[in-house]
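Below you'll find the structure, written out as structure tokens, and then a few comments.
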Amino acid sequence: MDEGLKQTKKEVKILLLGWLAFASWVLIYCGLAAYNQDQESIKITFGMPSWVFWGIAIPWIFSIIFTIFFSLFVMKDIDYEEK
């Protein structure tokens, strides 16, 4: 199998697993935390409801870190013109 195709498959698998992990985190955490909360006692974290901070803001920050790490250390530039 071509080395470029192997690298591409590796990158796609990592990206899909990352996307699945972050999407699961957001959907499961927000679904459980937002709807199982008493409306009278909403906890506030950094000016927003706690479930928004832990269920949306934190995964967003970690996904940005994941994307930067992936683009700097995992992705490889493959030149197909040389072949």
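Reading the sequence shown from the start, the letters are residues -15 to 67 in our numbering. Ideal placement from N, C-alpha and C gives every residue a C-beta, glycine not left out.
Its chain contains S34 as the residues whose beta carbon lies nearer than 8 angstroms to that of I28, once the 5 sequence neighbours on both sides are disregarded; these appear in chain order. With contact defined as three or more Cβ pairs closer than 8 angstroms, the region 49 to 66 and the region -11 to -1 are in contact. For I28, the three-state secondary structure derived from DSSP is strand. By alpha-carbon distance to F37, the top candidate from T51, V10, S25 is V10. Residue environment: G39 is assigned as buried (16 or more neighbouring CB atoms within 10 Å of its CB, all protein chains considered). For A18, the CB contacts under 6 angstroms within the same chain, skipping 5 residues up- and downstream, are W35 in chain order.
The beta carbon of F6 sits closer than 6 angstroms to those of P43, S47, all from its chain and outside the five residues before and after it, given in chain order. Rounded to the nearest whole angstrom, the CA to CA distance from M32 to I45 is 16 angstroms.
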